[in-house]
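Visitor: First, the structure itself, so that you have it in front of you.
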Amino acid sequence: MSKVEETILEINLANLTHNYTYLRSKLSPEVKFMAVVKASGYGSDAVVIAKHLEKLGVEYLAVVYASEGVTLRQAGVQTPILVLHPQPVNFSLLIEYRLEPSIYSFRILSEFVAIAERKQQKEYPVHIKFNTGLNRLGFLKNDVDHILEKIKKTNSLRIVSLFSHLAASEDHQEKEFTLGQIRLFKKIGEEMIGILGYRPIMHQSNTSGILNYPEAHFDMVRAGIGLYGYGNEAKYDNELKPVASLKSIISQIHRLEPGETLGYNRAFTASGCIKTATIPVGHADGIGRLYGNKKGFVVIQGKKAFIIGNVCMDMLMVDITDIACNEGDEVVVFDENISATDVAESAGTISYELLTAISPRVKRIVVDKN
Ligand SMILES: *Cc1c(COP(=O)(O)O)cnc(C)c1O
Numbered sequence: 065m066s067k068v069e070e071t072i073l074e075i076n077l078a079n080l081t082h083n084y085t086y087l088r089s090k091l092s093p094e095v096k097f098m099a100v101v102k103a104s105g106y107g108s109d110a111v112v113i114a115k116h117l118e119k120l121g122v123e124y125l126a127v128v129y130a131s132e133g134v135t136l137r138q139a140g141v142q143t144p145i146l147v148l149h150p151q152p153v154n155f156s157l158l159i160e161y162r163l164e165p166s167i168y169s170f171r172i173l174s175e176f177v178a179i180a181e182r183k184q185q186k187e188y189p190v191h192i193k194f195n196t197g198l199n200r201l202g203f204l205k206n207d208v209d210h211i212l213e214k215i216k217k218t219n220s221l222r223i224v225s226l227f228s229h230l231a232a233s234e235d236h237q238e239k240e241f242t243l244g245q246i247r248l249f250k251k252i253g254e255e256m257i258g259i260l261g262y263r264p265i266m267h268q269s270n271t272s273g274i275l276n277y278p279e280a281h282f283d284m285v286r287a288g289i290g291l292y293g294y295g296n297e298a299k300y301d302n303e304l305k306p307v308a309s310l311k312s313i314i315s316q317i318h319r320l321e322p323g324e325t326l327g328y329n330r331a332f333t334a335s336g337c338i339k340t341a342t343i344p345v346g347h348a349d350g351i352g353r354l355y356g357n358k359k360g361f362v363v364i365q366g367k368k369a370f371i372i373g374n375v376c377m378d379m380l381m382v383d384i385t386d387i388a389c390n391e392g393d394e395v396v397v398f399d400e401n402i403s404a405t406d407v408a409e410s411a412g413t414i415s416y417e418l419l420t421a422i423s424p425r426v427k428r429i430v431v432d433k434n
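Each step along the sequence shown adds one to the number in this note's numbering, with nothing skipped, and position 13 is 77.
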């Protein structure tokens, strides 16, 4: 690896290839793969990730907002894109960029039909979302007749897929609940297909669904976090390779006398003679204040250096009293060895939140090697 000279997020495409291949190896060959590249590809770079996965043969992409899909199309991504959470104000843009909406309520269904008809669309691809227990977005099983009644009145739409989302696929204690979600989704599918007369793609599994519930693979899976190298449990983390590494450098080293304080609001007081390092990464870069005051750490010369005082907007300070290091030395926030899960959990959050928080001002560097 080249020398780190400022705060960077390294994106390793060889690791992305590895994770994609690993997740695919868990599926029957006929099962399609939808790669979730929302939130800038989990905080990395959605265009880079999507283009790489497109080359690897991914069948579908998913984002959350219409604007995320537009960015991919403008960058030349051709793969079908599901927009998981659109609003009516986005529908013209969706159609203009051939982005496929999740239809999750009767409000969304009637508004989308109205716009599709106004724009003289025929069989525009849409995806019907069912709520099987997460109680976040989606129709209920009881809505099936009413949905089909509305859809049969128009030729502007074609149902490409039926989908649902698991609430606790990573939690083995919730196995009964998850199996109940899978059974309910299966029933909904049978009922819809019975009335429709054709078979849309069915999908319900996120990463942990892929890994823990083969019975939930259906015709397609939707993988997010696993592609980026995290599997929600140690057994799978060992098989996957983190795609993003957040690295920085020591800007300056200070020596504090007992009783001296550090940072805003003097949140830290030195109890003895200590050495601190100032690192150019702060809450505006995605390392939130929750990591401050010894909740979080970085790694310098292979050793943990705890964050002391409050995290500032543009920098943070760590205790390096017991670490032999110099100004200009490399600092790792997370990488292939320093797991984002461990760092996140030390502050009471999850890898998803840490990864997706890394802000656009952090320079992205793409590498494609092991
Ligand atoms: C984010 C998301 C996923 C991906 O979940 P992972 O746990 O990251 O694999 C899949 N489906 C939906 C609906 C999502 O919102």
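The C-beta atom is built at its ideal place from N, Cα and C for all residues, glycine as well.
What are the complete beta strand (DSSP E) segments, minimum 3 residues, inside the region 237–305?
Guide: Whole beta strand (DSSP E) segments, 3+ residues: 265–267 and 284–287.
Visitor: Just the Cα atoms here: how many angstroms apart are R88 and A139?
Guide: Cα to Cα, the separation comes out at about 26 angstroms.
Visitor: Over what stretch of residues does the beta strand (DSSP E) that includes V111 continue unbroken?
Guide: Per DSSP, V111 belongs to no beta strand (DSSP E); it is in the alpha helix (DSSP H), A110 to L120.
Visitor: Pairing CB atoms from the region 282–299 with CB atoms from the region 317–336, are three or more of them under 8 angstroms?
Guide: Short answer: they don't touch.
Visitor: In three-state DSSP terms, what is Q316?
Guide: The answer is strand: DSSP assigns Q316 an E or B state.
Visitor: Could you check what DSSP says for E74 in three-state terms: helix, strand or coil?
Guide: E74 falls in the strand class under three-state DSSP.
Visitor: Taking the CB atoms as reference points, tell me whether E175 and P189 lie closer together than 8 angstroms.
Guide: No; because the gap between Cβ atoms is not below 8 angstroms, this pair is not in contact.
Visitor: With a threshold of 7 angstroms (Cβ to nearest heavy atom), would T420 be considered close to ligand 1?
Guide: No; taking the cut-off as 7 angstroms, the Cβ of T420 has no heavy atom of ligand 1 nearer than that.
Visitor: Helix, strand or coil for Y328, going by three-state DSSP, please let me know.
Guide: Reduced to three states, the DSSP call for Y328 is helix.
Visitor: Could you pull out every residue in the same chain whose Cβ sits closer than 6 angstroms to the Cβ of G197, ignoring the five residues on either side in sequence?
Guide: Cβ neighbours of G197 beyond the five flanking positions: A231 and Q245.
Visitor: Rank P278, E321, V134 and S228 by C-alpha distance to the C-alpha of L248 and give the top, closest one.
Guide: Nearest C-alpha to L248: S228.
Visitor: Specify whether the region 381–394 and the region 312–320 touch according to this definition: at least 3 beta carbon pairs, one from each stretch, less than 8 angstroms apart.
Guide: Enough Cβ pairs lie closer than 8 angstroms, so yes.
Visitor: Using only the alpha-carbon positions, how far apart do V426 and G107 sit?
Guide: For V426 and G107, the distance between alpha carbons rounds to 10 angstroms.
Visitor: Compare the Cα-Cα distances from H191 to each of S423, K217 and L212 and report the closest residue.
Guide: Checking every option, the nearest Cα to that of H191 belongs to L212.
Visitor: Measuring only the C-alpha atoms, how far is I223 from M266?
Guide: Their Cα atoms are separated by approximately 11 angstroms.
Visitor: Check for me: the alpha helix (DSSP H) holding E175 runs from which residue to which?
Guide: Run containing E175: F170 to R182, per the alpha helix (DSSP H) assignment.
Visitor: Any idea which residues DSSP pairs S309 with across the strands?
Guide: S309 pairs with E74.
Visitor: Report yes or no: do the region 299–310 and the region 394–408 share at least 3 C-beta pairs separated by less than 8 angstroms?
Guide: They touch, by the three-pair rule.
Visitor: Hey, is the region 365–376 in contact with the region 252–272, meaning 3+ C-beta pairs nearer than 8 angstroms?
Guide: Flag = no, the region 365–376 and the region 252–272 do not touch.
Visitor: Considering only their Cβ atoms, is the gap separating S220 from K186 smaller than 8 angstroms?
Guide: In this structure, S220 lies closer than 8 angstroms to K186 by Cβ.
Visitor: Any chance the CB of N79 is under 7 angstroms from a heavy atom of ligand 1?
Guide: No - ligand 1 has no heavy atom lying nearer than 7 angstroms to the Cβ of N79.
Visitor: According to DSSP, simplified to helix, strand and coil, what is V397?
Guide: Strand, per DSSP.
Visitor: Alpha carbon to alpha carbon, how far is V396 from D209?
Guide: C-alpha separation (whole angstroms): 54 angstroms.
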